[in-house]
């Protein structure tokens, strides 16, 4: 291209050459952090795609480990920020992975948080069930279950946050019901076993006894999650819960 000076003489304007992309720039494109510049050649586009593929492709064991790490980070943050306030950037920083990798494994933020709550709920139910295993009597089993349920502050916070989120997000309610049913079945099994061998004499039918015990536990977990009690008050309420449970099951 030529342009004319005031003197009338024509000179050539310098050609604008596209800036060559750097490896860091290609990596940013591959991770989805920025849009690909229009100057990329076909070879450079193929290279960026290769980087993206390699960033999201890992051996099965490593991929599963990363998924677990992301879920663990999300669960811890849920207890701090809550379902509605938590963002993918916070999870990526806590898990030390890119947002793009989280989206690769889980899709959207809501997909990740639903999976986090589902996995956490199943794990809590299994951990709780194990608390009552290998106990000598149904009564000991029930006391271990009750004390285990109220003895973990993080478990209390996560459960209350899950229930609170389910009031605003209907898609979470089946998971809450499934967890409640799992806990109820564990309690009911212990109560029924005690009634069969004669070591428990509940004042109500076994199903109603199990339901009341679950509600007592829920109430204590709400109090613990809200943090409204001092340690001394928390102990008094925990002792009252155990005594109330003993009266219900007839020991």
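Residue numbers (full-length UniProt numbering): 1 to 251.
By construction, the Cβ of each residue, glycine as well, lies at the ideal position given by its N, Cα and C atoms.
Owing to the predicted nature of the structure, the values given are computational and were not obtained by experimental measurement.
- Taking the CA atoms as reference points, residue 239 sits about 32 Å from residue 83.
- A contact between stretches requires three or more CB pairs, one per stretch, nearer than 8 Å, and the segment 183-196 fails this requirement with the segment 167-174.
- The way I'd put it, the segment 149-163 doesn't touch the segment 87-97; fewer than three beta-carbon pairs between them come closer than 8 Å.
- When C-alpha distances from residue 96 are compared across 145, 161, 70, 157, the shortest belongs to 70.
- Per DSSP, reduced to three states, the secondary structure at residue 213 is helical.
- Following the DSSP letters along the chain, one finds residue 196 inside the alpha helix (DSSP H) bounded by residues 173-197.
- At a Cβ-Cβ threshold of 9 Å, residue 161 and residue 74 do not count as neighbours.
- With contacts defined as CB atoms closer than 9 Å, residue 209 and residue 248 qualify as a contacting pair.
- Excluding five sequence positions before and after residue 145, the CB atoms of its chain that fall closer than 6 Å to its own CB belong to 131, 132, given in chain order.
- Distance from the CA atom of residue 242 to the CA atom of residue 233, rounded to whole angstroms, is 14 Å.
- In the three-state reduction of the DSSP assignment, residue 204 falls in the coil class.
- Distance check between residue 175 and each of 212, 215, 118, 193 places 118 closest, using alpha-carbon atoms only.
- Between residue 237 and residue 223, the gap from beta carbon to beta carbon is short of 9 Å.
- When the alpha-carbon of residue 60 is set against those of 98, 105, 219, 128, the nearest one is in 105.
- If you keep only unbroken alpha helix (DSSP H) runs of at least 4 residues inside the segment 96-135, you get 99-106, 109-131.
- Under the three-state reduction of DSSP output, residue 238 falls in the helix class.
- Between residue 142 and residue 203, the C-beta spacing is not below 9 Å.
- Distance from the CA atom of residue 138 to the CA atom of residue 177, rounded to whole angstroms, is 25 Å.
- Distances from the CA of residue 156 to each of 194, 111, 219 were compared; the closest alpha carbon is that of 219.
- Counted as a single uninterrupted DSSP element, the alpha helix (DSSP H) harbouring residue 78 occupies residues 60-81.
- An exposed status is given to residue 230, since fewer than 16 other beta-carbon atoms sit within 10 Å of its beta-carbon.
- Judged by DSSP in its simplified three-state form, residue 244 adopts helix.
- Annotation: the continuous alpha helix (DSSP H) that includes residue 148 extends over 138-150.
- Residue 87 places its beta carbon 9 Å or farther from that of residue 172.
- By alpha-carbon distance to residue 77, the top candidate from 101, 98, 123, 116 is 116.
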